[in-house]
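If you're matching them up, the sequences are chains A and B in order.
Per my numbering, the very first residue in the first sequence carries number 1101; after that it's consecutive.
Per my numbering, the very first residue in the second sequence carries number 52; after that it's consecutive.
Using N, Cα and C, we set each Cβ at its ideal position, and we do this for glycine too.
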Amino acid sequence: MRRSSRALIVGGLVIAAALAFILYQGLSNNLVYYITPSELLARGAAAQGQDFRLGGQVRPGSVHVSHGMHTVTFILQDPRGAVHVISEGIPPPMFRAGAGVVVEGIYRGDIFNATTLMVKHCATYRPPTPGTVPAPDNCVT
Amino acid sequence: MIGPLGHLAIMAALVVAAAGSLASFAGGRTGDHALIAVGRRGVYITAALVTAAVILMLTALVTHDFAVKYVADVGSRETPLYYTVISLWAALEGSILFWVFLLSLYTVAFLLTTRRFPTLLPYATGVLLAISAFFLFVIAGPGNPFAAVHPVPADGAGPNPLLQNNWMMGVHPPLLYLGYVGLSVPYAVSVAALLRGTAGSDVLRLIRRWALVPWVFLTLGIVAGMWWSYAVLGWGGYWSWDPVENASVMPWLVTTAFLHSLQVQERRRMLGTWTLSLIVTAFLLSILGTFLTRSGVLASVHSFTQSGVGPLFLVLFSAVLVSSIVLLTLRGGTLDAPGVLDAALCRESAFLVNNLLFIALTFTILLGTMFPLLVQALQGSQLSVGAPYFDHVAVPIGIAVLFLMGVGPVLPWGASRLDVLQYRLLPPVAAGTLAIILLLVLGVRGVSALIAFGLAAFVLAVTLGRVAGDIRTRRGNTSESWVGAGARLLALNPRRYGGYLVHLGVILVIVGITASGSYQLQGNATLRPGESASIGAYRLTYLHLVPHGESNRMVLGASVRVARAGRDLGTLTPSLNYYKNQSQPVPDPAIRSTFAGSPLSDGEQLLRGRNPFEDLYLVLQGFTVNRRHPARSAVALQVYVNPLVGCIWLGGGVMGIGGLLAMLPARRRRTAREMPVPAAEEAAV
């Protein structure tokens, strides 16, 4: 084998190893689990400081919009549990009590700090049942 | 009446395509001209039948024939004519019909333009007809768009509001489909070459030309998709590493790798099997993309079996994968000359590293896209891979690719001399460094952004330097004018200069992505009539709401007066569109691009260290109406200032033009001096 091709193979292996490392690091730091409030509570202390996508229903009567519409707080619930959510920014047009929403953010203390808030794209909504895989958008059709 | 006729056309096309495919393979094997002619006729008849089916479907859509299932699914009497016509590709069944239609057109074009290669053509025709037959089978059975609906509804729901919110929906999907579908042709020729065990340089040229066509369409389709995402979705960005976006960029990356490795194959007869594997992979990824975007598997692993189309795609994917691996292992070895690299630092190794980087990037994106599906299938838990993962990996690889784009064209084939390299690289390195210093002085900060800008300047200098050098050399020999020499060179070697033009387009795109990704400003404001808010150099004053009705929707706009650095720029009207078939309004952002601004004041802005080329992007997020005190009604606005986004659209166009140029056949060279492979390098083989 010529010296140059050996150099190429070594170079290729170095690149592959570097890539594997970057991929592993990138994946393990950026996995966001999609769970329900009761599943979040069931995780206990392990959930502290972790990123999640949380899907549930806005408990009627729990919504407070701050002056200037810059933050909104509400309780996100499923049939077996409920979590307090603080969301920065203006809530989307269809956000209202009883709506099905998905929030993405970090769970700290007893409060879920949402960076994004999405309303499910359907008129009727059924909260996901823990233990089962939620339907694409938890819609009842 | 249209339903049964359409179904009949598809069934007939399926039979003709399947029979034609078998006849072509048999003809290729035996050399029987009658069988080969049957296969050829099969191509034309299939194309005619599929075209008839498409015309029938369009007629059904336009005449609102709700007895046809697909029309009942996506049609509506209120939808404007333009969106009615383009709803041909708004849902699964119609888009597969469209897929087959494009494939049959590609096959006809391929047969009509390819006169030579009598031994390869029957096999390639057989492969293409087999692919057609597969997709025809899908819409003849499980995904029949012409199925009857009982009872016939009086009206339909209409297409998804997002698909009828912007005219781009008539441009972006066909471009992308032309890209996806077009990869079938180079794949078919590669399979034919492997089956025949011949892949001479003329065959490679054929594959290259037919890979460039889908490459150009994919490029334009991806950029058009970014533009659509930017102009319609209202989140201020254009790329979110959505699986659908990833699905479109993966075949593009692999085809790009193919176009580069092909040059090594042509010059040095190395990497032949590897090169063919790339085009096969690109086709596999285009099927995977169609499967991912069209089967519902992304919503949930468990939902894709519901349509019956998903499993079929999986069967096709596995069949192509397994047969390609078998073919490449059994026949691949026959294509390679036993060449070795002469030196670590040469054009060949630059292309090799380029290939590795493109494949690494593709693998990264594939992993991130498929990982949630794998976990869900194996564990049942739902998760997503965040955009930071993709950025985390794509940015370093992108920077490495950019670096290679500068170094590659400078490196000679075969061995290289360091002093020549130094001489060639010194000015571009100086240009890159100068660009970084200049940007630092202007107040630009951020390590990776500065590296990207510096490298962009470096590549720009290399590319322009190469072109200028070629022109100077030619003028030295021919005493032509600069323009004349440039035009003559372009005619002699459109591939080379088309390629450089693509690189210039890439630089524009990278500059646009880096600037808008690193220096986006965003903010939000809740304003009552007459109130103002500031962002960057802009001052926004909310005036009033402007509602108006259209046949398919109600549009509620917020009129906002915009001033930039004290200069009045008129009003922008971001709006919320309420479609009849959806309770949730679709926000329609208002964008003002200063690419359209006056050059005088832009120059003044630049001198003050402010970037003049930016977009102001307004989204109406919500409003409150207070009837008793109209002055207390308010609107909530999300505001973005996106610098240099226009570079991305411009760069995409430049890349497309470069790709088209590279497709042109080269003018015959007259002198031996200009032969493609100089004697000295030939000797090195």
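The beta carbon of residue 552(B) lies closer than 7 Å to those of 705, 708, 709, 712 in the same chain, with the five residues before and after it left out.
Annotated three-state conformation of residue 217(B) is coil, per DSSP. Counting only residues of its own chain and dropping the five nearest sequence neighbours on each side, residue 379(B) has a CB closer than 8 Å to the CB of 245, 324, 327, 328, 331.
Spanning the alpha carbons of residue 297(B) and residue 504(B) requires a straight line of approximately 25 Å. In terms of Cα proximity to residue 149(B), the closest of 457(B), 110(B), 104(B), 473(B) is 104(B).
With a contact defined as Cβ atoms closer than 8 Å, residue 612(B) and residue 684(B) miss out at about 17 Å. Contact with chain A is absent for residue 592(B), since none of that chain's Cβ atoms lies less than 8 Å from the residue's Cβ. The beta-bridge partner set that DSSP reports for residue 340(B) is empty. About 11 Å separates the CB atoms of residue 229(B) and residue 275(B); that is not less than 8 Å, and the two are not in contact. The alpha-carbon separation between residue 671(B) and residue 567(B) amounts to approximately 21 Å.
For residue 57(B), same chain residues with a beta-carbon under 7 Å away, outside a window of 5 residues either side, are 104, 107, 108, 197 in chain order. Using a Cβ-Cβ distance cut-off of 8 Å, the region 59-73 of chain B and the region 81-100 of chain B are in contact, since at least three pairs of beta carbons, one from each stretch, lie closer than that value. Listed by position along chain A, the residues whose Cβ is nearer than 8 Å to that of residue 115(B) form an empty set, because the closest Cβ is around 24 Å away.
When rounded, the separation of the alpha-carbon atoms in residue 638(B) and residue 285(B) is 6 Å.
For residue 1192(A), the chain B residues whose C-beta falls within less than 8 Å of its own C-beta are 672, 673, listed in chain order.
The continuous stretches of beta strand (DSSP E) do not include residue 1150(A), and DSSP gives it neither H nor E. By alpha-carbon distance to residue 397(B), the top candidate from 319(B), 126(B), 293(B), 416(B) is 319(B). Of all alpha-carbon atoms in 636(B), 630(B), 688(B), the one lying nearest the alpha-carbon of residue 129(B) is that of 630(B). Look at residue 1156(A): its C-beta is not under 8 Å from any C-beta on chain B.
When Cβ pairs closer than 8 Å are counted between the two stretches, the region 1163-1182 of chain A is seen to touch the region 1124-1144 of chain A, the count reaching three or more. Listed in chain order, the non-local C-beta contacts of residue 456(B) below 6 Å within the same chain comprise 510, 554, local neighbours out to five positions each way being set aside. Fewer than three Cβ pairs drawn from the region 473-491 of chain B and the region 417-427 of chain B lie within less than 8 Å of each other, which leaves the two stretches out of contact. The beta carbon of residue 1163(A) lies closer than 6 Å to those of 1174, 1197 in the same chain, with the five residues before and after it left out. Taking all protein chains shown into account, residue 199(B) has fewer than 16 neighbouring C-beta atoms within 10 Å of its C-beta and is therefore exposed.
Cβ neighbours of residue 406(B) within its own chain (closer than 6 Å, five residues either side excluded): 308, 312.
By the C-beta density criterion, residue 689(B) is buried, having at least 16 other C-beta atoms within 10 angstroms. Check the Cα spacing between residue 1211(A) and each of 1130(A), 1170(A), 1218(A), 1150(A): the tightest is with 1150(A). Measuring C-alpha to C-alpha distances from residue 369(B) to each of 501(B), 381(B), 339(B), 221(B) identifies 339(B) as the nearest. Residue-level contact check: residue 435(B) touches chain A, since one or more beta carbons of chain A fall below 8 Å from its beta carbon. Against residue 1196(A), chain B offers no close residue; the least beta-carbon distance is about 11 Å (beta-carbon pairs closer than 7 Å). Apart from the 5 residues on each side of it in sequence, residue 463(B) sits with its Cβ closer than 8 Å to the Cβ of 397, 398, 471 in its chain, given in chain order. In the displayed model, residue 570(B) falls within coil according to three-state DSSP, outside both helix and strand. For residue 1206(A), the closest alpha carbon among the candidates 1130(A), 1157(A), 1125(A) is that of 1130(A). Nearest in C-alpha terms to residue 145(B), of all of 159(B), 402(B), 168(B), 119(B), is 119(B). Legend: CB atoms of the region 1112-1137 of chain A lying less than 7 Å from CB atoms of chain B belong to residues 1112, 1115, 1119, 1122, 1123, 1126, 1127, 1130, 1131, 1132, 1133, 1134.
Three or more pairs of CB atoms, one per stretch, sit closer than 8 Å, so the region 75-93 of chain B contacts the region 164-179 of chain B.
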